[in-house]
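Here is the structure we will look at.
Residue numbers (our numbering), protein chains in the order written: chain P, 373 to 469; chain Y, 69 to 433.
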């Protein structure tokens, strides 16, 4: 029930003054109410729950979280091995949570 | 799919698991509040990959599961009333009431319809002016903005043949109830990310302070859950109790103020009985006085409800994290998704359903 699915806003319009949009969820498109995310534009990602967009997905923050996860344990590994060529994503030095 | 697949990366999962293992020096019991997270944990075997001693206790965050039996029985009675179109999220259809479920009402001639969005129910009301359309408005804070907006839309458009049977529940009072329980073993919480998307994080500060318990706002993909666990364990090991946000891509500290304003307009806080748990003070939302004309409970005079709960079902203990589903004698034998004794066996967020779907073959016969 609390599941929110991220999707990309494909189109935006209004019905009786209510902002609506088409959101693409990896190929499945749904009509979604955008009244709670007045700032979203076509091309933005949003998290949708029971037909309502609840927030604009913060893409910079998503990338930052992934980067942070990639860096978990990296400093220790580097200290032990000197380098870690197998690490996915190759984060820069000194990035430790 | 973008922003889903990246958060299921197995290499990164291993990295987070290794870090948790390197951090842990003694046993810890964490609770994931939300049933969606329970399903992520069980489906991906996260609890089995965690270092020994880190236990995940499954919380009560399954709105379908905690909707009081009396409300389910009321829904069944309203749905069976001639001239009513009863609309509900799909999850509710197989939830057992005292006598049958909505599916059975439908099979005996009731007009029960599954909708994706509550706005669909308003459309059905517009298309059927000679019928009374009732929407079963349940859910946590995540779902409340959708249901609240739907009531506002119905009022604005002058739709009078629409009403809501409301049974909304709130997370923070549930955390209080869990912490106040004498049998509480929880030492840290993963808070439900999308609840905080709506409500923000401020409500959790007093809980962190009062109970000296770490609370980490957590998302729903495998990496999100692992990161929530990793941060909670790190706090516990370091003797800290703080409120952290491990899901910043969807949770702003203030939440969604537009949604909060609409919810506050349409709903007001009330005491709520949680199925299997009991009454938790100020743990629910009902329609505010100004919207009382949309209340299905007053519109339909359904009296004489006498509830009877299954004597075998231990859903209440499962919902409070006191037992795992497989410890219930009825699990997988007299209680299955096709023939459930309790709601957690049929909800997509129910712990029993998660264990039945992904774990039943692992259990000794």
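All residues carry an ideal CB built from backbone N, CA and C; glycine is no exception.
Straight through space, the alpha carbons of residue 316 of chain Y and residue 241 of chain Y are spaced by roughly 23 Å. Membership of residue 103 of chain Y in the alpha helix (DSSP H) is indicated by the continuous run 103-111.
Under the three-state reduction of DSSP, residue 375 of chain Y is assigned to coil, being neither helix nor strand. Here residue 106 of chain Y is buried, its C-beta having at least 16 other C-beta atoms within 10 Å. Excluding five sequence positions before and after residue 422 of chain Y, the CB atoms of its chain that fall closer than 6 Å to its own CB belong to 106, 107, 110, given in chain order. Per the coordinates, the alpha-carbon of residue 309 of chain Y lies some 19 Å from the alpha-carbon of residue 87 of chain Y.
The residue among Y/76, Y/300, Y/217, Y/227 with its C-alpha nearest the C-alpha of residue 255 of chain Y is Y/300. Pairwise C-beta distances place the region 406-422 of chain Y in contact with the region 364-383 of chain Y, as three or more of them are shorter than 8 Å. Residue ranges of uninterrupted alpha helix (DSSP H) with 4 or more members, entirely inside the region 109-159 of chain Y and ordered along the chain, are 114-117, 131-134, 137-147. Of Y/216, Y/351, Y/401, Y/428, the smallest CA-CA separation from residue 363 of chain Y is found for Y/216. Judged by pairs of C-beta atoms under 8 Å, the region 276-294 of chain Y touches the region 112-123 of chain Y, as three or more such pairs exist.
Within chain P, the residues placing a beta-carbon under 7 Å from that of residue 317 of chain Y are 429, 430, 433, 434, 437, ordered along the chain. Across the structure, residue 336 of chain Y and residue 357 of chain Y are spaced so that their CA atoms are roughly 8 Å apart.
Residue 373 of chain Y is a Cβ neighbour of residue 145 of chain Y, given a cutoff of 8 Å. Of the residues Y/361, Y/91, Y/347, Y/181, the one whose Cα lies closest to the Cα of residue 245 of chain Y is Y/347. Sequence-ordered contacts of the region 184-218 of chain Y with chain P read 184, 185, 186, 187, 188, 206, 207, 208, 210, 211, 213, 214, 217 [C-beta pairs closer than 8 Å].
For residue 331 of chain Y, there is no enclosing beta strand (DSSP E); the enclosing alpha helix (DSSP H) covers residues 325-334. In terms of beta-carbon proximity, residue 265 of chain Y lines the interface with chain P, with at least one pair separated by less than 8 Å.
Counting along the chain, no alpha helix (DSSP H) covers residue 381 of chain Y, and no H or E run does either.
Unbroken alpha helix (DSSP H) runs of no fewer than 4 residues, entirely contained in the region 200-243 of chain Y, are found at 212-224, following chain order. At a cut-off of 8 Å between beta-carbon atoms, residue 295 of chain Y makes contact with chain P.
For residue 164 of chain Y and residue 74 of chain Y, the gap between their C-alpha atoms comes out near 37 Å. Taking 8 Å as the cut-off, the Cβ atoms of residue 187 of chain Y and residue 399 of chain P do not count as close. Contact of residue 262 of chain Y with chain P is assigned, a C-beta pair being separated by under 8 Å.
Annotation: Cβ neighbours of residue 398 of chain P in chain Y (cutoff 8 Å, chain order): 69, 70, 72.
For residue 262 of chain Y, the uninterrupted alpha helix (DSSP H) run begins and ends at 261-267, by DSSP. For the pair residue 414 of chain P and residue 382 of chain P, the CB atoms are nearer than the 8 Å cut-off. Counting the other Cβ atoms within 10 Å of the Cβ of residue 278 of chain Y gives fewer than 16, which makes it exposed.
The way I'd put it, the region 196-214 of chain Y does touch the region 229-238 of chain Y; three or more beta-carbon pairs between them come closer than 8 Å. The closest CA to that of residue 154 of chain Y, considering only Y/172, Y/167, Y/137, is found on Y/172. Per DSSP, residue 279 of chain Y is one residue of the alpha helix (DSSP H) stretching across 273-279. For residue 93 of chain Y, the three-state secondary structure derived from DSSP is coil. Judged by DSSP secondary structure, residue 390 of chain P falls outside any alpha helix (DSSP H) and instead within the beta strand (DSSP E) spanning 390-397. Between residue 312 of chain Y and residue 285 of chain Y, the beta carbon gap of about 7 Å places them in contact (Cβ cut-off 8 Å). Here the alpha carbon of residue 175 of chain Y sits roughly 20 Å from the alpha carbon of residue 415 of chain Y. Sequence-distant partners of residue 193 of chain Y (beyond 5 residues in either direction) whose C-beta falls short of 6 Å from its own C-beta, in its chain, are 201, 227, 229, 230.
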